[in-house]
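Worksheet: one structure, shown below.
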Amino acid sequence: MKASTLTLEEIAQRIGAEVHGDSACLIHGLATLQEARAGELSFLANPNYARFLAGTQASAVIVSPAQLADCRCSALVMKNPYVGYARASRLFDPLKPAASGVDARAIVDQTAKLAEGVSVAAGAVIGAGVEIGANTRVGPGCIVGDDVRIGADCLLHGRVTVYHQVTIADRVIVHSGAVLGADGFGFAPEAGRFEKIAQLGSVVIESDVEIGANTTIDRAALGNTVIREGVKLDNQIQIAHNVVIGANTVIAACTGVSGSTTVGANCMIGGGVGIAGHLNIADGVHLTGMTLVTHDLTKPGVYSSGTAVEENRSWRKNVARFRQLDQWIRRLQSLEKRS
Amino acid sequence: MKASTLTLEEIAQRIGAEVHGDSACLIHGLATLQEARAGELSFLANPNYARFLAGTQASAVIVSPAQLADCRCSALVMKNPYVGYARASRLFDPLKPAASGVDARAIVDQTAKLAEGVSVAAGAVIGAGVEIGANTRVGPGCIVGDDVRIGADCLLHGRVTVYHQVTIADRVIVHSGAVLGADGFGFAPEAGRFEKIAQLGSVVIESDVEIGANTTIDRAALGNTVIREGVKLDNQIQIAHNVVIGANTVIAACTGVSGSTTVGANCMIGGGVGIAGHLNIADGVHLTGMTLVTHDLTKPGVYSSGTAVEENRSWRKNVARFRQLDQWIRRLQSLEKRS
Amino acid sequence: MKASTLTLEEIAQRIGAEVHGDSACLIHGLATLQEARAGELSFLANPNYARFLAGTQASAVIVSPAQLADCRCSALVMKNPYVGYARASRLFDPLKPAASGVDARAIVDQTAKLAEGVSVAAGAVIGAGVEIGANTRVGPGCIVGDDVRIGADCLLHGRVTVYHQVTIADRVIVHSGAVLGADGFGFAPEAGRFEKIAQLGSVVIESDVEIGANTTIDRAALGNTVIREGVKLDNQIQIAHNVVIGANTVIAACTGVSGSTTVGANCMIGGGVGIAGHLNIADGVHLTGMTLVTHDLTKPGVYSSGTAVEENRSWRKNVARFRQLDQWIRRLQSLEKRS
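Residue numbers (our numbering), protein chains in the order written: chain A, 1 to 339; chain B, 1001 to 1339; chain C, 2001 to 2339.
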């Protein structure tokens, strides 16, 4: 909920910072150092922006102890100002809280069990045998299939689909257009055609996961596709059947993970990455944007593939050479032998 | 519908296998060789898993005749155990059948014609002049535009959009979030701006096609975008206007096919592939993941592009060299002339 | 609306062309030169199709003055026949106009203000404080969050989500499944976990923008994500928080633009492109399909990355060589020194 205003002291208590300056100062919003005006709070987390600190018009700035000396307005001092900004941002979220309870125009099966404080918006459809934990909000137009379990304090924005039997733990946020539990892509070839393999498994989303808009997570052929606690998935990501994504891994938009691959914990996967099926990616792997991974990565570290952007005219020449690269290297080798 | 239980004999008849062992044995589900327990059926389709056959706790296993000797439990014997697994999986699908008929909270135009056994779920919107064939199920929140034709025995999961005039044949499955028949991306440049070209054509989906979650298939500028029979499209695929995808071609997730391209029959297109517009791709082409296709492929075979994943430190050096590759090759050539 | 029929003279007036031949000729639709039949209008915009002009069965063709001599049927003559085709296509659009007014099964908050001629279809949900301009159509199943502003003459196809506070100007078209204003992907790392940064900003869509099916545009962390006037976005595009896309830039499907990047005006971005975060892309940049951009592009021009499709057998060899490219170049350099 967007707070109308909070004092600096109230913010300090909620984010775990120490006030320097006017603790009664009223704050009504956040802004960058360059754009903040009186009544707004700013923050200095990236040293590249330190040059804007002295001149900011903000009423207060979240800074580290080392930066306090350069701050000419009130300050909220804490070790990690970026975390302070994250916490303060949540105090000023403009998203209004849903009205509690089930909207008269929602369609909730009579066998569904909704805990205290659950809200279900107009046009949402809740199936048979569904259980939803306390204070979870289900947005307009969401479809929650039969026998789904959703924990407490979750937020499903409007127009999310959760197929039958999917399990979602606590404090999970799912953005609009996401589809959890559609059929994995499984077919048995037979005489040039394909017989569908029913996807008998499901999807398990652990606690504190966030799932971006239009992201898809397929149900398992057998067993479960699993998204472990604290994972953050950006928009338009595809997670295939039987994939496991390890705890606190972060994946940027437009990335696809193919079937039965296990991604470790604490990985950072860039945007537009493709990971082939049946692979193991170790904990702590970083993949730069648009990398294609076709074999196991057994050690933490930063990995990449592809080539770098250049002018099309030179690129065309280089690409033509690449297609004969093996031959050119052989010619280099024979030159070496001769010289 | 999830069967409560079937005897091994009943399963054998439905999948076309021969029982060895206890034909009255009751089966209530499927599992892998390693995870199956008593009462479950397993299968051996991939030789890599043959080592798990002897020790499985499954009550029965689908095996080929050659593997029968190594099976210590009951067996369902057939030539292609993977097809057997596909067929058996469908007997245990946990997706409940929709209640037949039109839900009172669906919105169906009075001019729509629904054949016998059609179900339309709550919150679905069916436009004027729509015709839907026998036993087709339209999920909650689906939008079916005016004059759409859908055949028999189709399944539209929740929250699918079918724009006006699109045609869908029989036994087509469409997953949540898919959009069939949105406008193709066509504009005429004029003085630095773009005039919209209305997309007067439509989309034709032939029989036995499956379309994944959040996949988009655009309507044609003129004529039709066509998905031929038996095609299987994974999630998050983009099919542009006037594309034709040949029969029984399979496309993995996150792939895009640009306008007016024709993809042949029996192709296997990996994930994250991009195919430029106005191309012809022959029958039987396989494209590995994230390949970019910018010219016709006139022969069947396996094709690729891109580079392989490696440590970022070495990749940075190699990429820098790639940008001067043409110059290096020229230097190699002049060395060759000199030596 | 699909006109039943128009005379050639009426079409000429509406598209700004001059009639040669039978101005009373009745036209009921458009088709290509090869496929057109009597009663249909065609066009010659691409010189590659000039060979079909003489033999077309169309009743009339839109041609440039230079091509008129080769036209054996009636003609609509104008300087840019492709623009003529665009304009004529819109006269024959088969999409029926929405019934004006709010459908009884739409859910519109009582504080929403709808201007004259606004239509809201069944199952749409309009939040508190929303304002919608004259003649804008909101399709079935759309979700429009609190305090959204939408201008006049817009078309939101079915099942579009617009999060709270997003602003959309006039004549904007949004296709099904698009999500405008979901949270940007922002987290502050803290002890191996991630704290959510509430996205306090919004999205601003200027006039004459078109947004494709299942495209996502995230709200800003602070400030706005901005899509400037005349921008055309294809399907399945991801625009991250705080991105700015310059006027009349066109982006093809499956492309992703990372956070805080500014793309200039009049750019043409191919499909499957990835642009890293915090970059500046100049006006007039063209990026070919699947290019990865990791640094600023300060000059207009055509840019590319990646390698070209080839047979997998040769590709495997070349890719293996690429991984040692830096070493091979060093060996080439030492050969040069020696010779």
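Ideal Cβ positions, reconstructed from N, Cα and C, are used throughout, including at glycine. Here the structure is a predicted model, which is why all the values come from computation and not from measurement.
Give me the residue from the options with the minimum Cα distance to residue i.
i         : options                                    : result
Arg2149/C : Leu2030/C, Glu2311/C, Val2203/C, Ala2054/C : Val2203/C
Cys1267/B : Asp1147/B, Leu1076/B, Asp1283/B            : Asp1283/B
Val1285/B : Val1231/B, Val1263/B, Thr1294/B, Val1209/B : Val1263/B
Ala112/A  : His164/A, Cys71/A, Lys79/A                 : His164/A
His1175/B : Thr1161/B, Ala1247/B, Asp1183/B            : Thr1161/B
Ala2134/C : Ala2152/C, Ser2260/C, Lys2337/C            : Ala2152/C
Pro47/A   : Asn80/A, Ala220/A, Thr136/A, Ala221/A      : Asn80/A
Ser23/A   : Gly39/A, Gln34/A, Glu190/A, Thr32/A        : Gly39/A
Gly1129/B : Ile1237/B, Val1108/B, His1295/B            : Val1108/B
Leu1233/B : Ile1132/B, Ser1042/B, Glu1210/B            : Glu1210/B
Gly256/A  : Asp326/A, Asn248/A, Gly277/A, Ala121/A     : Gly277/A
Ile2217/C : Cys2254/C, Phe2194/C, Ala2188/C            : Cys2254/C
Gly2301/C : Asn318/A, Lys317/A, Arg313/A               : Arg313/A
Ala66/A   : Ala60/A, Thr56/A, Ala50/A                  : Ala50/A
His295/A  : Thr56/A, Ile15/A, Ala115/A, Ser258/A       : Ser258/A
Gly1158/B : Gly1212/B, Gln1324/B, Val1319/B, Phe1194/B : Gly1212/B
Gly1021/B : Arg1331/B, Val1244/B, Glu1131/B, Glu1009/B : Glu1009/B
Name, please, each residue of chain C whose Cβ falls closer than 7 Å to the Cβ of residue i.
i         : result
Arg219/A  : Those within 7 Å of Arg219/A in chain C number zero; the least Cβ separation is about 20 Å.
Gly1306/B : Gly2306, Thr2307
Asp234/A  : Phe2185
Determine the chain B residues that contact residue i at a beta-carbon separation under 8 Å, and present them in chain order.
i         : result
Leu2041/C : Near Leu2041/C there are no residues of chain B at all, since even the closest Cβ is about 11 Å away, more than 8 Å.
Leu2030/C : Leu1200, Leu1222
His2157/C : Thr1161, Tyr1163, Ala1182
Ser314/A  : Arg1323, Asp1326
If residue i and residue j are in contact, beta carbons under 8 Å, what's the gap, nearest whole angstrom?
i         : j         : result
Glu2206/C : Ile2239/C : That belief does not hold up - the Cβ atoms of Glu2206/C and Ile2239/C are roughly 14 Å apart, past 8 Å.
Ala1012/B : Ala1036/B : The Cβ separation is near 17 Å, so there is no contact.
Gly177/A  : Asn1214/B : 7 Å
Val1118/B : Pro2140/C : Incorrect: roughly 19 Å between the Cβ atoms, too far for contact.
Short of 6 Å in beta carbon distance, which residues of its chain neighbour residue i, apart from the five on each side in sequence? Order them along the chain.
i         : result
Leu2287/C : Ile2269, Gly2270, Val2273, Tyr2303
Phe1322/B : none
Ala1169/B : Gly1151, Glu1206, Ser1207
Val1138/B : Val1120, Ala1124, Leu1156
Below 7 Å CB to CB, which residues in the same chain sit around residue i once its five sequence neighbours on both sides are set aside?
i         : result
Ser305/A  : Thr291, Leu292
Ser2089/C : Leu2030
Lys2/A    : Since pLDDT at Lys2/A reaches only 49, below the 50 mark, its modelled position is unreliable, and the value read off the structure follows with that caveat. The residues are Phe92, Asp93, Pro94.
Leu6/A    : Ile27, Leu91
Val2063/C : Leu2044, Cys2071, Ala2075, Val2077, Pro2081
Leu1297/B : Ile1281, Ala1282, Val1285, Tyr1303
Glu1336/B : none
Ile1197/B : Gly1186, Phe1187, Ala1188, Ala1221
Arg105/A  : Ala122, Gly123
In chain C, which residues lie with their C-beta within 9 Å of the C-beta of residue i?
i         : result
Asp1340/B : Because chain B here runs from 1001 to 1339, residue 1340/B falls outside it and cannot be looked at.
Could you tell me which chain B residues have their CB closer than 9 Å to the CB of residue i, listed as they occur along the chain?
i         : result
Glu2195/C : By Cβ distance, chain B contributes nothing, its closest Cβ being about 27 Å from Glu2195/C, past 9 Å.
Show which residues of chain C have a CB atom less than 8 Å away from the CB atom of residue i.
i        : result
Cys254/A : Gln2238, Cys2254, Gly2256, Gly2274
Asn266/A : Gly2192
Asn248/A : Gly2192, Arg2193, Phe2194
Which residues in chain A have a C-beta closer than 7 Å to the C-beta of residue i? List them in chain order.
i         : result
Glu2210/C : Simply none; closest approach about 18 Å.
Asn2318/C : Phe322, Arg323, Leu325, Asp326
Gln2165/C : Pro94
Met1290/B : Gly274, Leu292
Gly1117/B : By Cβ distance, chain A contributes nothing, its closest Cβ being about 20 Å from Gly1117/B, past 7 Å.
Can you name, in chain order, every residue of its own chain whose Cβ lies under 8 Å from the Cβ of residue i, other than the five neighbours on each side?
i         : result
Gly952/B  : Shown here, chain B extends from 1001 to 1339; a query on residue 952/B therefore has no answer.
Glu2229/C : Ala2169, Glu2206, Ser2207, Asp2208, Val2209, Ala2247, Asn2248
What in chain A is Cβ-close to residue i, meaning under 8 Å?
i         : result
Val1162/B : Per Cβ cutoff of 8 Å: no residues; Val1162/B is ~16 Å from chain A at best.
Val2061/C : By Cβ distance, chain A contributes nothing, its closest Cβ being about 35 Å from Val2061/C, past 8 Å.
Residues of chain A with CB under 9 Å from residue i, in chain order?
i         : result
Leu2335/C : Leu332, Leu335, Glu336, Ser339
Can you pull the chain B neighbours of residue i, defined as C-beta to C-beta under 7 Å?
i         : result
Val2174/C : None at all; the shortest Cβ gap to chain B is about 10 Å.
Val2285/C : What Val2285/C touches in chain B: nothing, since even the nearest Cβ is about 15 Å away.
(request) Would you mind listing the beta strand (DSSP E) stretches within the segment 2045 to 2123 of chain C that are 3+ residues and don't spill past its ends, in chain order? (result) Within the segment 2045 to 2123 of chain C, the complete beta strand (DSSP E) runs of at least 3 residues are 2060 to 2063, 2074 to 2077.
(request) Note down, one range per segment and in chain order, each alpha helix (DSSP H) of at least 4 residues found wholly within the segment 6 to 35 of chain A. (result) 8 to 15
(request) Could you pull out every unbroken beta strand (DSSP E) segment of at least 3 residues lying fully inside the segment 1250 to 1319 of chain B, listed in chain order? (result) 1285 to 1287, 1301 to 1304
(request) Could you pull out every unbroken beta strand (DSSP E) segment of at least 3 residues lying fully inside the segment 2127 to 2202 of chain C, listed in chain order? (result) You should have 2179 to 2182, 2187 to 2190, 2193 to 2196.
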